[in-house]
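Student: In this note's numbering, the protein residues as written are 88 to 415.
Backbone N, C-alpha and C fix where the C-beta goes; we use that ideal spot for every residue, glycine too.
Since this is a predicted model, take the numbers as computed values, not measurements.
1. In angstroms, rounded to a whole number, what distance separates the CA positions of residue 195 and residue 219?
2. Under 7 Å, do residue 267 and residue 245 count as touching if we go by C-beta distance?
3. Could you give the distance in angstroms between the alpha-carbon of residue 183 and the alpha-carbon of residue 163?
4. According to DSSP, is residue 234 helix, strand or coil?
5. Beta-carbon within less than 6 Å of residue 261's beta-carbon, same chain only, minus the 5 sequence neighbours each way: which residues are those?
6. Mark residue 192 as exposed unless 16 or more other C-beta atoms lie within 10 angstroms of its C-beta, in which case mark it buried.
7. Compare the beta carbon distance of residue 361 and residue 384 with 7 Å and say whether it is the shorter of the two.
8. Taking the DSSP output, what are the residues bridged to residue 418?
9. Do you know whose CA, among 280, 296 and 371, lies nearest residue 307's CA?
10. For the beta strand (DSSP E) that contains residue 301, what are its first and last residues?
11. Bridge partners for residue 322 per DSSP, in chain order?
12. Please go through the same chain and pick out, in chain order, the residues whose beta-carbon is closer than 7 Å to the beta-carbon of residue 398, but skip the five residues on each side of it.
13. Who are the near neighbours of residue 224 in its chain, counting only those whose CB is closer than 6 Å to its CB and skipping five residues on each side?
14. Count the other C-beta atoms from every protein chain shown that fall within 10 angstroms of the C-beta of residue 256, then say buried if there are 16 or more, exposed otherwise.
15. From the DSSP output, read off the bridge partner residues of residue 160.
16. DSSP three-state label for residue 312, please.
17. Based on the DSSP output, what are the partners of residue 370 in its beta bridges?
18. Taking its Cβ as the centre, do 16 or more other Cβ atoms sit within 10 Å of residue 239, making it buried, or is it exposed?
19. Under 8 Å by Cβ, that's how I've got residue 181 and residue 138 pegged, so tell me the actual separation to the nearest angstrom.
20. Between residue 272 and residue 251, how many whole angstroms is the CB-CB distance? I'm expecting something under 8 Å.
21. Specify, as a first and last residue, the run of the alpha helix (DSSP H) that residue 188 falls within.
22. Just tell me which of 123, 120 and 160 has its CA closest to the CA of residue 133.
23. Determine the DSSP secondary structure at residue 261, reduced to helix, strand or coil.
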């Protein structure tokens, strides 16, 4: 089904939905939809676009303030082009976020997403995230171009409402001595620096119901241990961003998850994967890009990894992974 928007005049604002192959057109009159349905429709839009609907009519003027999802992205507020790159207008973005957070009043905040380049000091971003935490947000998605971990409030790590947490920051996250996420089921960490071997142990010890863990291109400065009896899905993307790709003198990633069902690995095996038990894993996908000068070493590590996955019911290997075995 193809959806197309038509410009309309007068009081009735309609969205025409036309099907292929000569089917009749069906008109949806948004004025007949209840506010709760309109809130759901607006929740799929970036907050910038949801706010724009306030000019449609008197009824739409304040609808956006009750939308349960808030999505701020400074890339959507581009003011000028410099050297071929579109640069966000910092002042406009800050003013927009401050205004939205001051006016919005959802009965329940389901999702808060913030993607921005850090400017001036971290206080403003710290306060925006705190606002979401105070409104018992369920999904928190942070993509921050910063090396300053202080902008993440400590309250994030003692949270009873979060179900999903995503953090992408090129820095070492400062964890408190005690972490508590009693409801967290999905965790994704990207580009984070793991400086100490107890980082994951401290983090995961406070996640008693965690089911899905995704680690994307993080920097491991020491051996880490992933230990969780509730974990069902683990994805590790370990494509080097720190140092040479032919460096195999990485760390050990020790995995102890007796109820793990799905395991996915994409990377150069710079860090060695070591399982304590793989008998519960049913499905696995392995993708190991290789380079001619290190095929032998990579193949040896790949074989070691696959031997650990001997109980897997469904194993999928990429073509590059198979190539490393052929050239061994």
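Tutor: With the structure as the only source:
1. Here the question's residue 195 lines up with position 108 in the chain shown. Here the question's residue 219 lines up with position 132 in the chain shown. Taking the straight line from one Cα to the other gives about 10 Å.
2. On the chain shown, position 180 is the one that residue 267 refers to. On the chain shown, position 158 is the one that residue 245 refers to. The criterion of a C-beta distance shorter than 7 Å is satisfied by residue 267 and residue 245.
3. For the purposes of this step, residue 183 is taken as the residue at position 96 of the chain shown. For the purposes of this step, residue 163 is taken as the residue at position 76 of the chain shown. Approximately 12 Å, taken between the alpha carbons.
4. Residue mapping note: residue 234 aligns to position 147 of the chain shown, counting from 1. Correct three-state label for residue 234: coil.
5. Looking up residue 261 in the chain shown gives position 174. Here the set comprises 236.
6. Your numbering for residue 192 matches position 105 in the chain shown. Its Cβ having fewer than 16 others within 10 Å, residue 192 is exposed.
7. Looking up residue 361 in the chain shown gives position 274. Looking up residue 384 in the chain shown gives position 297. No, the Cβ-Cβ distance between residue 361 and residue 384 is not below 7 Å.
8. Past the edges of the chain, shown from 88 to 415, lies residue 418, and the structure says nothing about it.
9. As a working note, residue 307 is residue 220 in the chain shown. With distances taken between Cα atoms, residue 307 lies closest to 280.
10. Position 214 of the chain shown, counting from 1, holds the residue named residue 301. Note, residue 301: beta strand (DSSP E), 299 to 303.
11. Counting from one through the chain shown, the residue named residue 322 turns up at place 235. DSSP output for residue 322 lists 301 and 351 as bridge partner(s).
12. Here residue 398 refers to the residue found at position 311 of the chain shown. These residues qualify, in order along the chain: 365, 366 and 368.
13. What you label residue 224 is simply residue 137 of the chain shown in a count that begins at 1. If we look at residue 224 and ignore the five residues flanking it on each side, its Cβ neighbours are 196 and 199.
14. In the chain shown, counting from the first residue as 1, residue 256 sits at position 169. Buried is the call here.
15. The residue given as residue 160 occupies position 73 in the chain shown. For residue 160, which the question treats as bridged, DSSP gives the partners 202.
16. In the chain shown, residue 312 corresponds to position 225, counting from 1. DSSP places residue 312 in strand when its eight states are reduced to three.
17. By one-based count along the chain shown, residue 370 stands at place 283. Under the DSSP definition of a beta bridge, residue 370 partners with 349 and 401.
18. For the purposes of this step, residue 239 is identified with residue 152 of the chain shown, where counting begins at 1. Looking at its Cβ environment, which holds 16 or more other Cβ atoms inside 10 Å, residue 239 is buried.
19. Residue mapping note: residue 181 aligns to position 94 of the chain shown, counting from 1. Residue mapping note: residue 138 aligns to position 51 of the chain shown, counting from 1. Your pair residue 181 and residue 138 does not check out as a contact, with CB atoms roughly 15 Å apart and the cut at 8 Å.
20. For this step, residue 272 is matched to residue 185 along the chain shown. For this step, residue 251 is matched to residue 164 along the chain shown. About 7 Å; that satisfies the 8 Å criterion.
21. Residue mapping note: residue 188 aligns to position 101 of the chain shown, counting from 1. Residues 177 to 190.
22. The residue you call residue 133 lines up with position 46 of the chain shown. Closest by alpha carbon: 160.
23. Here residue 261 is taken as the residue at index 174 of the chain shown, counted from 1. Reduced to three states, the DSSP call for residue 261 is coil.
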